[in-house]
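Numbering (UniProt numbering), first residue to last: 1 to 141.
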């Protein structure tokens, strides 16, 4: 997929692109640049964000958008993705979100997922422990 964008705009919004286009890298002189680490659809969303400052984060795109934003050093997009994931915390997904946050160095989200998991799991673990104690006393263990 080919995406047109102005180098100066990209460089102004992203340290990644700034290094690519203003340094001695071969990309600084190339007419076209290939970014293999990000799929075309995600890259288009991020380039559109650079021009509009708007991005739609959804359950369907957050898992590709956040790592791509991290790679391209678009911190506002990464923060928006983390805030979205925080709003989605639920007992069913809190450990998965925690692992994802850890993998992508989202410290605030990691801490919030840890707190959420702790609050949700503590009562359940306590209940299971009481049930185990009752069971063991019934069996005279």
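Don't be surprised by glycine CBs; every beta carbon is placed ideally from N, CA and C. Please read all numbers here as calculations on a predicted model, not as lab measurements.
query: Exposed unless 16 or more other CB atoms sit within 10 angstroms - verdict on residue 97; result: buried
query: For residue 72, three-class secondary structure by DSSP; result: coil
query: Residue environment, residue 116, which counts as buried when at least 16 other CB atoms sit within 10 Å; result: buried
query: Residue 50 and residue 65 closer than 8 Å at C-beta; result: no
query: The region 38-53 in contact with the region 86-100 per 3-pair CB rule at 8 Å; result: no
query: Where residue 54 sits in the DSSP three-state scheme; result: coil
query: Option in 81, 6, 119, 58 with minimal Cα separation from residue 69; result: 81
query: Cα-Cα separation, residue 7 to residue 22; result: 9 Å
query: Reduced DSSP category for residue 85 - H, G, I as helix; E, B as strand; rest coil; result: helix
query: Cut-off 7 Å between Cβ atoms - residues of its own chain near residue 67, not counting five sequence neighbours on either side; result: 104
query: Start-to-end residues for the alpha helix (DSSP H) that takes in residue 15; result: 15-22
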